[in-house]
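Residue numbers (the numbering used here): 61 to 350.
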């Protein structure tokens, strides 16, 4: 069996430590703050997340850019030249053109390297939901699964990767067109917090409303209780928009209610954070359905 490499992108919000432990390659998406462009590397070498969220809290804006075809080619070609096969697990096509760029790059490279196996999967996932799918794929690779077996597992299980989010500031969702300006104003006045998830098409969908911050955090756990498969045996990921204390509250709730033993955290990176805003908390797990 040929050696292969799992490649993902920084929308997966994997920490630098996770990336090294898993042995995966990560392509950075880009974000623009003011008139300066930055790359969203897992080690945060170009901007610390706390600095980014401070910028947003102070009223600043940020925009984001997908991974393009040339970036994929520049990352994948050296691996192919070294005789390795490649499996790409890409950011949801429902939220970015990153996956479409990977398809173009992979098809071009297949013609140049006909003896190599090159696959790309539209994870339909985001943030540590994408990261958790990558984590499982890396565990299967370490256990000796072939590139085709890992690809097929990802395709067959990605719609069981559940994403549940809540945000603290509705105005970031308004900027992204997820809710209307009127809904943002009224919701802020009444302390209404939306509960969202990523659907089967990989889109971020507003699913419910909760009164107050505590209610919205509890709602995430309620949804996990409804659909999680054997939560006591799972590794669960939680990402947060510079609000670790609230993420820990969710962790405490899922451990007490569902017996989850292993939970891993990371900060939501600038690519997702630019659209969700500071104070976002997201919970990811395997379930019967999204």
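Yeah, the Cβ is synthetic: ideal placement off N, Cα and C, and Gly gets one too. What you are looking at is a predicted structure, and each value in this text was computed from that prediction instead of being measured.
* **Closest Cα partner of residue 103 within the set 80, 124 and 311** => 80
* Check each candidate in 310, 334 and 345 and name the one with the smallest Cα separation from residue 398. => In the structure displayed, the chain extends from 61 to 350; residue 398 sits before or after that span and is not available.
* **residue 110 versus residue 302 - alpha carbon distance** => 7 Å
* Asked: Which term fits residue 70, buried or exposed, when burial requires 16 or more other beta carbons within 10 angstroms of its beta carbon?
  -> buried
* Report all residues from its chain with a CB closer than 6 Å to the CB of residue 324; omit the five preceding and five following residues, and keep chain order. => 297
* Entirely enclosed beta strand (DSSP E) segments - the segment 156 to 206, minimum 3 residues -> 178 to 182
* Give the secondary structure of residue 73 by DSSP, where H, G and I count as helix, E and B as strand, and everything else as coil. => coil
* To do: Quick one: using the 10 Å Cβ neighbour count with 16 as the cut-off for buried, is residue 291 buried or exposed?
  => buried
* Look at the alpha carbon of residue 201 and the alpha carbon of residue 212, and state the distance between them as a whole number of angstroms. => 12 Å
* **Segment limits, beta strand (DSSP E) that includes residue 325** => 322 to 327
* Asked: Just reading off the beta strand (DSSP E) that residue 109 is part of, what are its end residues?
  -> Not the beta strand (DSSP E): residue 109 falls in the alpha helix (DSSP H), residues 109 to 117.
* Cross-strand partners of residue 269 (DSSP beta bridge) -> 254
* Classification of residue 97 by the beta-carbon crowding that lies within 10 angstroms, buried from 16 upward -> exposed
* residue 305 lies in the alpha helix (DSSP H); which residues open and close that run? -> 304 to 318
* Asked: Span of the alpha helix (DSSP H) holding residue 132?
  -> 129 to 141
* Reducing DSSP to helix, strand and coil, say where residue 153 ends up. => coil
* Using alpha carbons as the reference points, say which of 152, 164 and 136 lies closest to residue 176. => 136
* From residue 228 to residue 186, what does the alpha carbon distance come to, in whole angstroms? -> 19 Å
* Asked: From the DSSP output, which residues share a beta bridge with residue 95?
  -> Residue 95 is not bridged to any residue.
* Asked: If we ignore side chains and look at the alpha-carbon of each, how far apart do residue 161 and residue 316 end up?
  -> 42 Å
* So is residue 246 buried or exposed if we call it buried at 16+ other beta carbons inside 10 Å? -> Summary for residue 246: the model assigns pLDDT 48, below 50, so the residue's position carries little reliability; its value from the coordinates is reported in the next sentence. Exposed.
* Please list, in chain order, all residues of the same chain as residue 333 whose beta carbon is under 6 Å from its beta carbon, the five residues on each side excluded. => 301
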